[in-house]
Structure formats: structure tokens, C-alpha cells
Amino acid sequence: MRRTTVLVLAVGVIAAALSAEAQASRKVRIGWLTTGPVPFIAEFRQGLRELGYVEGQNLVIEERYAEGRPERLRELAAELVRLKVDVLVTSGTSATAAARQTTTVVPIVTVSGDPVGSGNVASLARPGGNITGLSILSTDIAVKWVELFREAFPRVARVAILRDASGTAPPVRAAETAAHALRLAPQRLEVRHEPVEIDRAFEAAVRGQAGGIVV
């Protein structure tokens, strides 16, 4: 995740925490909920430090991980709510859904793939409820990627669309619809978190004579 994105996330978390009646003079307590460790938490901590929030001084981060067992997320979310965290930070669709189903009071700041398609928010412009955050993939963004691809390569007839098989399908379907509208033949490539699958997907794109790949 880009450093600027992480800093925006940190700003959003602090704003949500302080809006939840947290006094600037006392420690801010953040609940961190994901299915497993994520690499950008170190950058997130650094972003908070740059904003003046340091663990052991005016900041507490309660980390909870489902360790690859998503059925535990509701239990962990409830535990964080009982700890009276000022804000919940979630990464991923399942963790966000668990937090949303657990509390309508504690602010939730999420980084997830497609919060609209997954049903966690009403729309990116007006999420509704107690959820805000960043989307790394949405139907609108997926469509825009295809449009930009067409503008950059007007003579290409076929485009491969790379999809995380564990993610939500609506953004990919939206990208495929946009491709058809722009007279591009879409080729869907589904991969999981294995480097060899990515290599195979690129090989499939070459065999399918795709003029490019939208990731």
C-alpha cells in the first residue's frame, strides 16, 4: 500500500476516534481487526507517529487477528468493543462485515476491496452507518481502469482482467460490461495468492492474444 494512502488512513482513524468523544488529552484506543497480519501496519503506526500519536504515550492499539479463521471475526470484534476502543480499523471484506454486524456505535474505518459490492456500505460517496474508509477496488474504479486502458490503447481488441479469486465478483463483472461497451473482448483471469498462479494467468493472457491486462 502506498505511503500516502496509509497516511490518509491514519488521519481518518484519528478523526473518527476524536469524533467519538475521545478527548485529545487522553489516550486514543484503536481496535485493529483483520483475518491475519497485514504488511502495512508498520507504516500505519509510522503515520500515526507523524500525527503525534505514539504507543505508550497517547495511543493504544489493540490488535486482533483471526489467524485464517474468519468465523472468529465476530467474536474478536465483540472483544474489541468490550475494551471500549474509540475506533475499529478493519482490513478486508470479512473483517469489515464482522465489525459492522457487531456495533452500530463505534466508528469503523476500513480498507477493503469492494465495500459497496459486498454490502458493507451503501455507496462510496455516502457510506451510511458508522463505516468510512478506503476502497482499493470498487465497481466504479474497475470501470474507470477499463476506460483508461481503451484511451491509452485505442487499437487493442482484447483485454485480460486479472481477478483475486477470493475477492468479490461485482467489480470484475462491471469491468467486463465496460469492456464490451468499448468494443473490447474481455478475458477473465482468476488467481489466488500463489506466485505460480500469477505466472499462469499472464501465460493465459498471451495465449488468448490479449493486448494488455487490467489488474
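Numbering (this note's numbering) for the sequence shown: 514 to 728. Beta carbons are placed, not taken as given, at the ideal position from N, Cα and C, and that holds for glycine.
Per DSSP, residue i is paired with what?
i      : result
Val623 : According to the sequence provided, residue 623 is Thr. The question's Val does not apply to it. Answer by DSSP bridge pairing, in chain order: Thr603, Gly646.
Glu575 : Gly544
Ile726 : Ala673
Gln614 : Looking at the DSSP assignment, Gln614 forms no beta bridge with any residue, so it has no partner.
Glu568 : Leu572
Ala698 : Arg671
What distance in whole Å lies between the Cβ atoms of residue j and residue i, which are believed to be in contact at a cut-off of 8 Å?
i      : j      : result
Lys540 : Asn571 : 5 Å
Ala714 : Leu695 : Their Cβ separation, rounded to whole angstroms, is 22 Å, which puts Ala714 and Leu695 out of contact at 8 Å.
Val656 : Ala691 : 4 Å
Thr617 : Asn643 : 6 Å
Gly581 : Thr547 : With a Cβ gap of about 11 Å, Gly581 and Thr547 do not count as contacting.
Exposed or buried, residue i, counting other C-beta atoms within 10 Å across all chains shown (16 or more means buried)?
i      : result
Gln700 : buried
Val602 : buried
Arg577 : buried
Val709 : exposed
Arg720 : exposed
Gly569 : exposed
Gly605 : buried
Gly560 : buried
Arg676 : buried
Pro684 : buried
Phe666 : exposed
Leu697 : buried
Ala688 : buried
Please go through the same chain and pick out, in chain order, the residues whose beta-carbon is closer than 8 Å to the beta-carbon of residue i, but skip the five residues on each side of it.
i      : result
Thr645 : Gly525, Ala529, Pro620, Ile621, Val622, Thr623
Val567 : Leu561
His693 : Pro699
Ile527 : Val541, Leu561, Leu564, Tyr566
Looking only at its chain, what residues have a beta carbon closer than 6 Å to the beta carbon of residue i, apart from the 5 residues adjacent to it on each side?
i      : result
Ala611 : Leu586, Arg587, Ala590
Thr609 : Thr603, Thr623, Ser625, Asn633
Ala673 : Gln700, Leu702, Ala718, Ala723, Ile726
Arg686 : none
Gly544 : Glu575, Leu593, Val598, Leu601
Val573 : Lys540, Arg542
Trp658 : Val727
Ile711 : Val704
Ala579 : Thr548, Arg585, Leu586
Quick one: is the Cβ of residue i within less than 7 Å of any heavy atom of the ligand GTP?
i      : result
Arg539 : The ligand content of the structure shown is nil, which means the ligand GTP is not present either.
Counting only the same chain and skipping the five closest in sequence on each side, list residues whose C-beta sits under 7 Å from that of residue i.
i      : result
Leu661 : none
Ser607 : Thr548, Pro583, Leu586
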